[in-house]
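Chemist:
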Amino acid sequence: MAGDVISPVELDRRIVMATQAGLPLDVRPYHWLAAELGVDAETVMERFRVMLADGRIRRSGVVPNHYRLGYSANGMSVWDVSDEDIRAIGSQVGELDIVSHCYHRPRRMPDWPYNLFAMVHGHSQAEVRDKVSHIAQLLGDKVRQHDVLFSTRILKKTGLRIGGQ
Amino acid sequence: MDELDRRIINQLQGGFPVSERPFSEAGERLGTTESELITRLRCMLDDGLLTRFGPMYHAENMGGAVSLCAMKVPLARFDDVAGQVNAFPEVAHNYQRDHEMNMWFVLATETPDQLAVTLQKIEQLTGIPVFNLPKQEEFYVGLHFQV
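Same order as they appear, the protein sequences are chains W and Y.
In case it helps, the working numbering puts the first sequence at residues -4 to 160.
In case it helps, the working numbering puts the second sequence at residues 811 to 957.
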């Protein structure tokens, strides 16, 4: 497009802003975006491929609402494992198909002794507790203590927005 | 929700194509047409079965900062403090959980410095310590939510 040169960095920023809430449900979504942004479709698709390759886009597709799909129990299981074991145990727990997110986070002694967090979803608290027991059995004496915290109220859920409004 | 909706939810959590007719491509893999896939996605989004459809951006890889934070809030003050914390646009999600550490929120900012500043502001405003629990390592963020 004559007279309108946008740097890749700026173009990526505009693409992110334009698609944070979602990709347009148009038969040619990238072409639709390109028209909005005043660039050609090949360029837009190339930026998507670059961002997918370098990890700025984790993945692209549907985000299911687990709450609406019946998985109303949202259990944050937390574990105290030794610092030497954390990577091995974290990987082991993270690969379980009953765990959706698994992170190593810092302890905050004395208030918070847990260093491994694993989100476990289920149709009920009982089901989640059952799944957490399985994990505890799997880990055996590698775990010094553990707990599961259920969300009792969603206080705010607006989602991450990059780049300000 | 029928078999096709289930297949869409189970198989399209990632890998949406980057091409001229991506819904046609994805539709073929799912055993449906381009227009039917678009219709199903629109319906599930409208019904709230899907939160969103599109690229999921990685905040830190884009130079931003994200952290999980927690507070022990006295129950008598809980709603007031929730209001104070929620008022920060940097607070993306905020949940009450059944533990002494009862308020859990995600802070997302454009830079790590802004995150530290926002955290301090929340502490000063509420008078309650904020425990910052950033992820130090991530273990396989599962795609597998199956219905």
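Backbone N, C-alpha and C fix where the C-beta goes; we use that ideal spot for every residue, glycine too.
These figures come from a predicted structure and were not determined experimentally.
(1) I believe residue 918 (chain Y) touches residue 886 (chain Y) by the beta-carbon criterion, under 8 angstroms. Please report the beta-carbon distance rounded to the nearest angstrom.
(2) At a Cβ cut of 9 angstroms, what residues of the segment 10 to 28 of chain W count as close to chain Y, listed as they run along the chain?
(3) Which stretch, first to last residue, makes up the beta strand (DSSP E) that contains residue 913 (chain Y)?
(4) At what residues does the alpha helix (DSSP H) containing residue 43 (chain W) begin and finish?
(5) Take residue 880 (chain Y) as the anchor and find which of Y:822, Y:915, Y:925 has the nearest alpha-carbon.
(6) What does residue 901 (chain Y) touch in chain W if you count any residue whose Cβ is under 7 angstroms from its own?
(7) For the segment 98 to 111 of chain W, list every residue whose C-beta sits within 8 angstroms of some C-beta in chain Y, in sequence order.
(8) Along chain Y, in chain order, which residues have C-beta atoms closer than 7 angstroms to that of residue 72 (chain W)?
(9) Since I believe residue 54 (chain W) is in contact with residue 866 (chain Y) (beta carbons under 8 angstroms), could you give me their beta-carbon distance rounded to a whole number of angstroms?
(10) Would you check if there are 3 or more beta carbon pairs closer than 8 angstroms linking the segment 933 to 940 of chain Y to the segment 890 to 906 of chain Y?
(11) What does DSSP give as the partner residues of residue 905 (chain Y) in its beta bridges?
(12) Quick check: is the beta carbon of residue 843 (chain Y) nearer than 8 angstroms to any beta carbon in chain W?
(13) Tell me whether the beta-carbon of residue 71 (chain W) lies closer than 8 angstroms to the beta-carbon of residue 138 (chain W).
(14) Can you tell me the Cβ-Cβ gap for residue 145 (chain W) and residue 60 (chain W), rounded? I've got them flagged as a contact below 8 angstroms.
Modeler: This is what the structure holds:
(1) Start at 1 with the first residue of the second sequence, and residue 918 (chain Y) comes out as number 108. Start at 1 with the first residue of the second sequence, and residue 886 (chain Y) comes out as number 76. The pair is not a contact, with the Cβ atoms about 29 angstroms apart (cut-off 8 angstroms).
(2) 10, 11, 14, 15, 16, 17, 18, 19, 20, 21, 22, 23, 24, 25, 26
(3) Residue numbering aside, residue 913 (chain Y) sits at position 103 when the second sequence is read from its first letter. Residue 913 (chain Y) -> beta strand (DSSP E) spans 913 to 919.
(4) Reading the first sequence from its first residue, position 48 is the one you call residue 43 (chain W). Per DSSP, residue 43 (chain W) belongs to the alpha helix (DSSP H) from 36 to 48.
(5) What you label residue 880 (chain Y) is simply residue 70 of the second sequence in a count that begins at 1. The shortest C-alpha separation from residue 880 (chain Y) is found at Y:915.
(6) As a working mapping, residue 901 (chain Y) is identified with position 91 in the second sequence. Going along chain W in sequence order, the residues near residue 901 (chain Y) (Cβ under 7 angstroms) are 151.
(7) 98, 99, 100, 101, 103, 106, 107
(8) What you label residue 72 (chain W) is simply residue 77 of the first sequence in a count that begins at 1. Within chain Y, no residue comes near residue 72 (chain W); the closest Cβ sits about 12 angstroms away, beyond 7 angstroms.
(9) On the second sequence, position 56 is the one that residue 866 (chain Y) refers to. On the first sequence, position 59 is the one that residue 54 (chain W) refers to. 6 angstroms between Cβ atoms; contact.
(10) yes
(11) Walking along the second sequence from the start, residue 905 (chain Y) turns up at place 95. Residue 905 (chain Y) pairs with W:149, Y:914.
(12) Counting from one through the second sequence, the residue named residue 843 (chain Y) turns up at place 33. It does not; no Cβ of chain W falls within 8 angstroms.
(13) As a working mapping, residue 71 (chain W) is identified with position 76 in the first sequence. As a working mapping, residue 138 (chain W) is identified with position 143 in the first sequence. Going by C-beta atoms, residue 71 (chain W) is not nearer than 8 angstroms to residue 138 (chain W).
(14) To locate residue 145 (chain W), count along the first sequence from 1; it is residue 150. To locate residue 60 (chain W), count along the first sequence from 1; it is residue 65. 18 angstroms between Cβ atoms; not a contact.
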